[in-house]
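Residue numbers (the working numbering): 245 to 710. The next block holds one structure in the form of structure tokens; read it before the comments.
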Amino acid sequence: MTPRGKSVAALSRAGAKEANAFQKCIGPGCGREHDLNERVYVCAECGASLEISVPKPALKDAAGLRDLWESRRRSLDSLDRSGVWRFRELLPFAGAAPVVTLLEGNTPLYDAPRSAAYSKLDSLRLKHQGCNPTGSFKDTGMTAAVTQAVVLRARTVVCASTGNTAASLAAYAARAGLRSAILLPHGQISSSKLAQSVDYGAAVREIDGNFDDCMKLIRELGGDPSIYVANSINPFRIEGQKTVAFELIEQCAWRVPDHVVVPGGNLGNSSALGKGFSELLQLGLIRRLPRLSVIQAEGAAPLAHLFASLAAGGRAMKENLPEEIMPVANPKTLATAIKIGSPVSWKKALRSILESGGSVITVSEQEIADAKAVIGRDGIGCEPASATTVAGIRRLAVAGLIRPHDDVVAVLTGHILKDPDYVSHYHRGTLASEAGGPPISGAFRNQPQRVAATKEAVLRSLEGLE
Ligand SMILES: *Cc1c(COP(=O)(O)O)cnc(C)c1O
Ligand SMILES: [Zn+2]
245 MTPRGKSVAA LSRAGAKEAN AFQKCIGPGC GREHDLNERV YVCAECGASL
295 EISVPKPALK DAAGLRDLWE SRRRSLDSLD RSGVWRFREL LPFAGAAPVV
345 TLLEGNTPLY DAPRSAAYSK LDSLRLKHQG CNPTGSFKDT GMTAAVTQAV
395 VLRARTVVCA STGNTAASLA AYAARAGLRS AILLPHGQIS SSKLAQSVDY
445 GAAVREIDGN FDDCMKLIRE LGGDPSIYVA NSINPFRIEG QKTVAFELIE
495 QCAWRVPDHV VVPGGNLGNS SALGKGFSEL LQLGLIRRLP RLSVIQAEGA
545 APLAHLFASL AAGGRAMKEN LPEEIMPVAN PKTLATAIKI GSPVSWKKAL
595 RSILESGGSV ITVSEQEIAD AKAVIGRDGI GCEPASATTV AGIRRLAVAG
645 LIRPHDDVVA VLTGHILKDP DYVSHYHRGT LASEAGGPPI SGAFRNQPQR
695 VAATKEAVLR SLEGLE
């Protein structure tokens, strides 16, 4: 069987109705509907983002859906085993869609006692999306976007990326036998991420500019009929990523956590989680939404700034979503996965955050670095952007917005091996947030030591260790 030869014939049996899913404009007062297979990324009428509306499954009761999803875990079929396609009743694909999968999803939910104590909580759980096939949560969306590229018979799939989207697109395009082209900001991508894209056979193009410049180019390229854009502006990515909400609630035995906390860059992840939770609520599978909070790095925090100004203005925020966001012209953070000044999905994310009663806050480079090391002490390795969550939870707990006994889940977005340079610099004490700037003092430093090749020397070096 070829990697892309897997068909979704089983979908129609399960009740998804292709005819009824469509792409809908989220623009206020517009709401124009576009056909599911129309190759558009923004509304043809007003230019706002699109979101996919999937009809509710025709199952008699919600419990039936829960049992069906759970039973698939025992199946040997790759569509059933994928942590995304296992939930296909709520995805906008049907009939003969040739699914492109690397068995993404099904990631662990860990107890993290040291991270909990650091955050001043009784307990804390970490949902590790870095355990996906290419090492980040991007895979859960990419399986859907590249499947749609095949449905549309695209020849080349493209994206702009801070690294992880590129690695993921490159892998899924390779599985599908499609060409992929990747635009990266020159000199700003971790070498591990770059290595992945190259190995998966993508055409890597390093642009003289930052991520937001790459994104601008992508929008222009998207007009070319040979090209399919796989950035999170693509609503199919969000559809795949929303299944993380289903998987998480299932892992929580259908007891809704009080808080779910995620890092915010382009804000596709937070939008997708919000959409997933609210679909579960509409289906009656959960009775309330978890509070969805987003943490940004101080130097790349356009949504946090907007959120603070709304809160200060005391506006009835839910009803009056602002039309504009002030971009950060020159975003700065060592957490490169969230080094984004002009986030594509801010409106969708803000809507979900406000609906659920969550917040948006910032954390410093020092806080991110220390939180990452604390997560490491729990035996869990993540990349810097992921650690904003634990740093942010600590701040929210200190501010009284999270109570010590609340049930809290942080979503870790990427794997530790995505950025090993950051880790060794932190522990060596040479991690600097700007070239030539003062190093961040690692409160949890753990430096390798050189010792003589004798038993005595090794034992002596271990004396006094805690
Ligand atoms: C992409 C990414 C983020 C940011 O997610 P958005 O959807 O852009 O907000 C955070 N962490 C990691 C590791 C990522 O790859
Ligand atoms: Zn519109």
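Glycine residues also receive a C-beta, built at the ideal position from the N, C-alpha and C atoms.
Following a CB-centred definition, is residue i positioned closer than 7 Å to any heavy atom of ligand 1?
i      : result
Glu295 : no
Pro507 : yes
Glu627 : yes
Thr657 : yes
Ile582 : yes
Gly512 : yes
Ser596 : no
Ser435 : no
Ser630 : yes
Ser476 : yes
Lys592 : no
Ser380 : yes
What separation, rounded to the nearest whole angstrom, lies between the Cα atoms of residue i and residue j?
i      : j      : result
Leu529 : Ile493 : 10 Å
Ser326 : Thr384 : 9 Å
Gly379 : Ile684 : 26 Å
Ala555 : Pro546 : 14 Å
Ile597 : Lys591 : 10 Å
Ile646 : Leu368 : 11 Å
Ala643 : Ile605 : 11 Å
Glu464 : Glu289 : 17 Å
Val286 : Phe266 : 13 Å
Val634 : Ser537 : 12 Å
Val488 : Ser705 : 45 Å
Glu277 : Ala388 : 20 Å
Arg316 : Asn376 : 19 Å
Pro497 : Leu353 : Note that residue 497 is Ala in the sequence shown, not Pro. Taking the straight line from one Cα to the other gives about 12 Å.
Lys474 : Thr698 : Here the sequence assigns Ala to residue 474, which means Lys is not the residue at that position. Cα-Cα distance, rounded: 55 Å.
Leu422 : Val442 : 15 Å
Gly518 : Arg672 : 39 Å
Gly658 : Lys382 : 9 Å
Leu709 : Pro628 : 27 Å
Ala340 : Ser436 : 36 Å
Asp650 : Ser363 : 12 Å
Ala687 : Ile619 : 13 Å
Leu309 : Phe337 : 17 Å
Leu703 : Val695 : 10 Å
Val588 : Ala361 : 35 Å
Ala631 : Glu611 : 9 Å
Pro566 : Ala292 : 13 Å
Arg595 : Val298 : 19 Å
Let me check you understand the geometry: is the CB of residue i closer than 7 Å to at least one non-hydrogen atom of ligand 2?
i      : result
Ala289 : The amino acid at residue 289 is misidentified as Ala; the sequence shows Glu. Glu289: yes, Cβ under 7 Å from ligand 2.
Arg276 : yes
Gly407 : no
Gly271 : yes
Ala411 : no
Ala548 : no
Ala292 : yes
DSSP beta-bridge partners for residue i?
i      : result
Asp279 : Phe266
Ser380 : Gly658
Glu295 : Lys268
Val504 : Leu536, Val653
Tyr666 : DSSP lists no partner for Tyr666.
Ile426 : Cys403, Val448
Val286 : Ser293
Leu370 : Tyr354, Ala654
Pro683 : Ala676
Can you tell me the Cβ-Cβ gap for residue i and residue j, rounded? I've got them flagged as a contact below 8 Å.
i      : j      : result
Ala404 : Leu461 : 7 Å
Pro534 : Phe521 : 6 Å
Ile624 : Asp456 : Not really, about 31 Å apart at Cβ, beyond 8 Å.
Ala676 : Val607 : Ala676 to Val607, Cβ: 18 Å. No contact.
Glu523 : Lys486 : 7 Å
Val390 : Ala425 : Val390 to Ala425, Cβ: 14 Å. No contact.
Ser322 : Thr345 : 6 Å
Gly636 : Ile539 : 3 Å
Taking 8 Å as the CB-CB limit, is residue i close to chain E?
i      : result
Thr577 : Given the protein chain composition of this structure (a single chain), no chain E is represented.
Complete alpha helix (DSSP H) runs within the stretch 579 to 655 (minimum length 4 residues, chain order): 590 to 600, 609 to 621, 628 to 642
Along the chain, which unbroken stretches of the beta strand (DSSP E) at least 3 residues long are found entirely within the stretch 515 to 554? 535 to 541
Write down every uninterrupted run of the beta strand (DSSP E) in the stretch 469 to 499 whose length is 3 residues or greater and which is fully enclosed by it, in chain order. 471 to 473
Complete beta strand (DSSP E) runs within the stretch 327 to 357 (minimum length 3 residues, chain order): 353 to 355
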